[in-house]
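S.K.: Throughout the sequence shown, residue numbering follows this note's numbering, covering 31 to 465 in sequence.
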Amino acid sequence: MFTRYLIPILALMAAPSLAQTVELPAEVIGGGPVRVMIAGLRPGAAATVTADRVMLSDGVPEAYRSTARFVADRHGRIDPATAAATGGDYAGVDAAGLFWSMHPEPAVPAEVAPDTARVCVVAMGGAPTCAVTHFRVGDRRVVSEPVGGFPGAMLYRLPGHDRRPVVIALGGSEGGSSFGRELGPWLAGQGYAVIALPYYAPDWSAEKLPGLPVDFADIPVDRLEQVRAWIADRSDLDGRRIGLYGVSKGGEFALIAASRFDWLSAVAAVVPSDVVWEGWGPNVTKDDTRSSFSWRGQPLPYVPYAGMRETIAALYRGEPRTLRTPHEQGRAANPARVAAATIPIEKFKGALLVAGGELDQTWPSADMVRSIAARRARAGLRTEALTFPGAGHGLSGSGWEPSNYPRTNGNAGPTAHGQAAVRAAVLALFKSALR
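#1: Per DSSP, Ser-96 forms a beta bridge with which residues?
#2: Do you know offhand how far Gly-448's Cα is from Ile-402's?
#3: Going by DSSP, name the residue or residues bridged to Arg-166.
#4: Mapping DSSP to helix, strand and coil, what is Phe-378?
#5: For a quick check, are the C-beta atoms of Ser-428 and Gly-62 less than 8 Å apart?
#6: In this structure, what does DSSP give as the bridge partners for Trp-293?
#7: Excluding five sequence neighbours on each side, which residues of the same chain lie with their C-beta closer than 7 Å to the C-beta of Trp-393?
#8: Taking buried to mean at least 16 other C-beta atoms within 10 Å of its own C-beta, is Gly-155 buried or exposed?
#9: Whose C-alpha, out of Glu-237, Asn-439, Pro-243, Leu-274, is nearest the C-alpha of Glu-255?
#10: By how many angstroms is the C-alpha of Asp-248 removed from the C-alpha of Gly-205?
#11: Inspect the CB distances between the stretch 170-185 and the stretch 76-84 and report whether three or more fall short of 8 Å.
#12: With a cut-off of 8 Å, do at least 3 Cβ pairs link the stretch 186-195 to the stretch 235-245?
#13: Could you give the distance in angstroms between the alpha-carbon of His-105 and the alpha-carbon of Pro-73?
#14: My assumption, with CB atoms under 8 Å, is that Ile-198 sits in contact with Leu-227. Please give the rounded CB distance.
#15: Does the stretch 369-381 touch the stretch 342-352, meaning 3 or more C-beta pairs lie closer than 8 Å?
#16: Quick one: Cα of Asp-103 to Cα of Gly-348, how far?
#17: Once the 5 residues before and after Gly-407 are set aside, which same chain residues still bring their CB inside 8 Å of it?
#18: Just list the alpha helix (DSSP H) runs in the stretch 384-441, keeping only unbroken ones of 4 residues or longer that don't cross its boundaries, in chain order.
#19: Would you kindly work out how many angstroms separate the C-alpha atoms of Arg-271 and Trp-310, rounded to a whole number?
#20: So, for Ala-176: in the same chain, excluding its five sequence neighbours on each side, which residues have a beta-carbon less than 8 Å away from its beta-carbon?
#21: I'd like the list of long-range same chain contacts for Leu-457, defined as Cβ closer than 6 Å, with 5 residues on each side in sequence excluded.
#22: Apart from the five residues just before and just after Pro-432, which ones in its own chain have a Cβ nearer than 6 Å to its Cβ?
The following block contains the structure:
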């Protein structure tokens with residue numbers, strides 16, 4: 031009987047060791063998806079998978095890492111799209127889990143170059159096996175050029191003379207051109223001409239854009255009329271098909287514009303506001319004196335904050351505060367001003383998508399999304415309104431970037447899943463309304 035079990039054991043010991051492999055795509059376009067396949071493990075073997083990524087922030091490399099544990103299937107493979115992580119930085123089946131669950135690391139690994147990711151597997155205490163993929167912002171074919179007369183603005187499009195529909199991209203309170211640089215090449219690869227339009231350049235940013243305001247105050251919404259005139263002068267841009275894609279304060283901007291310009295065909299506003307808010311900046315020395323936006327040279331009615339300066343000072347001291355509180359308290363204390371500052375989005379007859387996170391700690395975007403949808407429904411207008419339980423303010427990514435860090439707030443997994451859903455919905459919106 032002992033011999034019955036000894037022979038298979040000896041055969042297993044004599045079997046040649048398996049060659050572990052990690053398969054990744056050579057490059058990834060627009061943030062994902064990233065197909066990871068690990069093979070060559072012994073069936074049922076426990077393995078630890080680590081993923082490292084280096085991303086550039088204003089030209090400075092930042093390192094991120096995640097770790098997850100798996101059990102190889104009966105073929106000796108691990109596919110995170112079908113295999114459940116049993117522990118580590120995330121759990122369960124999630125194709126993007128290794129990427130959104132990354133957390134910041136203090137040191138940049140010498141083996142990982144900027145804009146790349148490395149995935150390694152270690153099984154049974156053996157040596158790691160690794161593979162590397164390169165991240166590209168957009169399609170290699172996309173070309174870009176400055177948009178004359180608009181500081182920092184860029185046009186992204188595929189080459190050729192086709193008359194393409196246009197999407198104008200409006201970033202948030204981070205200011206500058208970073209949002210457009212990320213979105214433009216990717217969305218242009220989908221067949222659109224994308225105008226990445228900075229409209230505000232804070233003085234604390236490393237990027238300087240002379241000609242743009244350093245205060246987020248009285249930003250002229252009617253500036254988009256000049257952009258439309260620039261589009262009309264181009265034979266390769268279709269001025270009859272123009273959409274807006276705005277995020278956060280850019281979503282507020284986009285909804286104000288939608289309520290005033292009947293030439294817009296589609297608007298996507300991610301974590302937007304349903305009202306105009308108070309403005310701020312280094313030259314705004316007194317509270318409740320400036321609006322965030324203006325129209326034809328006149329400030330728009332706005333809702334003031336309640337305790338914003340104190341909240342920001344507390345955050346700098348490391349105290350647990352959120353920017354959401356001054357927004358909610360200012361709104362509750364000023365019902366008449368809320369009514370005057372409400373964006374009349376029911377005037378917009380085009381296609382509208384709005385999306386918010388229930389755990390948004392910047393401002394209550396999910397509540398404001400519901401308010402927008404309800405007001406349009408009363409006017410007989412359809413709105414695609416998406417809200418995500420557990421998700422925070424960072425809903426404008428692809429779902430494959432690190433989400434496990436404070437500036438996204440909310441929970442990392444739900445925020446990343448919300449990003450993926452929003453990206454798919456935005457593409458569907460523009461495809462339906464512009465193409």
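Beta carbons are placed, not taken as given, at the ideal position from N, Cα and C, and that holds for glycine.
M.R.: Based on what the coordinates show:
#1: Ala-81
#2: 19 Å
#3: Ile-59
#4: coil
#5: yes
#6: Per DSSP, none; premise fails for Trp-293.
#7: Ser-303, Leu-353, Arg-354, His-357
#8: exposed
#9: Leu-274
#10: 14 Å
#11: no
#12: no
#13: 6 Å
#14: 6 Å
#15: no
#16: 46 Å
#17: Inspection of the sequence shows that residue 407 is occupied by Ala rather than by Gly. Around Ala-407: Thr-413.
#18: 395-408
#19: 34 Å
#20: Rather than Ala, the amino acid found at residue 176 in this sequence is Pro. Around Pro-176: Ala-183, Met-184, Leu-185.
#21: none
#22: Tyr-94, Met-132
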